[in-house]
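**Q** Those letters in the sequence shown? Residues 1 to 308, by full-length UniProt numbering.
We put the beta carbon where it would ideally sit given N, CA and C, even for glycine.
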Amino acid sequence: MSDSITWDVHKAWAANCSLPMSSQPPSDWFNSENPDPFNMLPPLMIPSTYEPGLGLMLACAAGLAWALYDHLITFPAEVRLVWQRRICIGSGLFGIVRYFGILCLLNLLATVRQGVQTGTSFSGPPRAYGFSIRCHGIDIVLQGEPDIETSFFAPLWFIVFWTIDIMLQMRIYALYRNNRLAIFNGAMFILGVVAMLTLTYVFSPLTCGKGTLVPGQCPGGIDVALKTVPAFWIPALAFELWLAALALHKLTRSVLRKNLLSTMVHDSIKYFALIAIGISAHLALSFYNVGDYAIPCVLGLYATCEDS
Numbered sequence: 001m002s003d004s005i006t007w008d009v010h011k012a013w014a015a016n017c018s019l020p021m022s023s024q025p026p027s028d029w030f031n032s033e034n035p036d037p038f039n040m041l042p043p044l045m046i047p048s049t050y051e052p053g054l055g056l057m058l059a060c061a062a063g064l065a066w067a068l069y070d071h072l073i074t075f076p077a078e079v080r081l082v083w084q085r086r087i088c089i090g091s092g093l094f095g096i097v098r099y100f101g102i103l104c105l106l107n108l109l110a111t112v113r114q115g116v117q118t119g120t121s122f123s124g125p126p127r128a129y130g131f132s133i134r135c136h137g138i139d140i141v142l143q144g145e146p147d148i149e150t151s152f153f154a155p156l157w158f159i160v161f162w163t164i165d166i167m168l169q170m171r172i173y174a175l176y177r178n179n180r181l182a183i184f185n186g187a188m189f190i191l192g193v194v195a196m197l198t199l200t201y202v203f204s205p206l207t208c209g210k211g212t213l214v215p216g217q218c219p220g221g222i223d224v225a226l227k228t229v230p231a232f233w234i235p236a237l238a239f240e241l242w243l244a245a246l247a248l249h250k251l252t253r254s255v256l257r258k259n260l261l262s263t264m265v266h267d268s269i270k271y272f273a274l275i276a277i278g279i280s281a282h283l284a285l286s287f288y289n290v291g292d293y294a295i296p297c298v299l300g301l302y303a304t305c306e307d308s
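(1) Inspect the beta-carbon positions of residue 60 and residue 103 and report whether they are closer than 9 Å.
(2) Assess, as a yes-or-no matter, whether the region 181-197 is touched by the region 228-248 under the definition of 3 or more beta carbon pairs within less than 8 Å.
(3) Here's a check: name, in chain order, each residue in its chain whose Cβ is nearer than 7 Å to the Cβ of residue 100, leaving out the five neighbours to either side.
(4) Taking the beta carbon of residue 170 as the centre, do at least 16 other beta carbons fall within 10 Å, making it buried, or is it exposed?
(5) Please classify residue 232: does DSSP put it in a helix, a strand, or coil?
(6) Which of helix, strand or coil does DSSP assign to residue 84?
(7) Using CA coordinates, which residue listed in 89, 70 and 110 is at the minimum distance from residue 56?
(8) Can you tell which of 196, 179, 165 and 187 has its C-alpha closest to the C-alpha of residue 244?
(9) Could you give the distance in angstroms between the alpha-carbon of residue 89 and the alpha-carbon of residue 63?
(10) Inspect the beta-carbon positions of residue 246 and residue 175 and report whether they are closer than 9 Å.
(11) Grouping DSSP H, G and I as helix and E and B as strand, with all else coil, what is residue 98?
(12) If you draw a straight line from the C-alpha of residue 123 to the C-alpha of residue 167, how long is it?
(13) Helix, strand or coil: how does DSSP classify residue 177 here?
(14) Apply the 10 Å Cβ neighbour rule to residue 108 and answer buried if 16 or more other Cβ atoms are within range, or exposed otherwise.
(15) Assign residue 275 to one of two classes, buried (16 or more other C-beta atoms within 10 Å of its C-beta) or exposed (fewer than that).
(16) Buried or exposed: which applies to residue 178, given that a residue is buried once 16 or more other Cβ atoms fall within 10 Å of its Cβ?
(17) Cα-Cα, which of 58, 87 and 158 is closest to residue 199?
(18) Judging by CA-CA distance, which residue of 96, 186 and 180 is the nearest neighbour of residue 160?
(19) Pull up the distance between the alpha-carbon of residue 240 and that of residue 188, whole angstroms please.
(20) Got a sec? Which residues, its chain only, sit under 7 Å from residue 67 by beta carbon, not counting five neighbours each side?
(21) Whole angstroms is fine: what's the gap from residue 69's alpha carbon to residue 272's?
(22) Can you find the residues in the same chain that come closer than 7 Å, C-beta to C-beta, to residue 82, ignoring five residues on each side of it along the sequence?
(23) Given that a residue counts as buried once 16 or more other Cβ atoms are within 10 Å of its Cβ, and exposed if not, what is residue 172?
(24) What is the rounded straight-line gap between the Cα of residue 280 and the Cα of residue 85?
(25) Does the Cβ of residue 185 have 16 or more other Cβ atoms within 10 Å, making it buried, or fewer, making it exposed?
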């Protein structure tokens, strides 16, 4: 008898969930007045021992191990085809591009490990100094005296980001072949560098959301508890969007062509889009926790069935 009841419960649950939400009929098993009498769908609980920082550190270690393995198995071919030949500027550029990913992964692993060890989740404990300006419900907090972690990790991440920007500017120059545009982009790049360093070492990052005073998030990490926004990403995102607009403008003129330039433009758009999306997601997740996006997706089916 109990098996029959259990099967009927599962059939009712499956039938109810297979219909659109607007056309789901009231269910005798799943509604607010008669919630699941047989306890067939236990509530989803997140264990208290969950540590997102530790999981991120393990993911970084796995990614670094994968990259090192790939470099090791291809290293003999690299030596034979590149380093045993005459060394030139192209060899240096190849080396930068080849080992740039390893540098990024090492830097990320070191940053995450530091955050896990200190328990600061990248940004550290709140500070009690500084001044804030409230505008439209958002506290814009400026503060000084960056901590030791800020002073150490910020240059590493900035060097990584600036190297990418230099490579992207070379792509733009290859697309336009315009010296004036190259000089203008270089000037904007230098201004962005000055702005990022100023926001890091003169003022600590912009803090929005709850308006919590925090030290500078210079590793670029996301503090999901305090909901903070590192201000140095704002000029960086502005410059990336400018470069993406230049590449997109070139794309509109070469979309119908089937040549090497068109292929290069399409490839450049992917690079610019991924970088801009990454920085934008970083800023968005500073206001909304990861769980704010993921948990509703996980619980959506269960909530629909239970409350319909």
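**A** In short, the structure shows the following:
(1) Between residue 60 and residue 103, the gap from beta carbon to beta carbon reaches 9 Å or more.
(2) yes
(3) 163
(4) exposed
(5) coil
(6) coil
(7) 110
(8) 165
(9) If you take the alpha carbons of residue 89 and residue 63, they lie about 30 Å apart.
(10) yes
(11) helix
(12) For residue 123, the pLDDT reaches just 38, beneath the cut-off of 50, and the residue's location in the model is therefore unreliable, although a value from the coordinates is still provided. So the two alpha carbons sit approximately 29 Å from each other.
(13) coil
(14) Label assigned to residue 108: buried.
(15) buried
(16) That one is exposed.
(17) 158
(18) 96
(19) 11 Å
(20) Beyond the five residues adjoining it in sequence on each side, residue 67 comes within less than 7 Å, by CB distance, of 101, 102 and 105 in the same chain, given in chain order.
(21) 28 Å
(22) 91 and 94
(23) A residue is called buried when at least 16 other Cβ atoms come within 10 angstroms of its Cβ; residue 172 meets this threshold and is buried.
(24) The alpha-carbon atoms of residue 280 and residue 85 are separated by roughly 42 Å.
(25) buried
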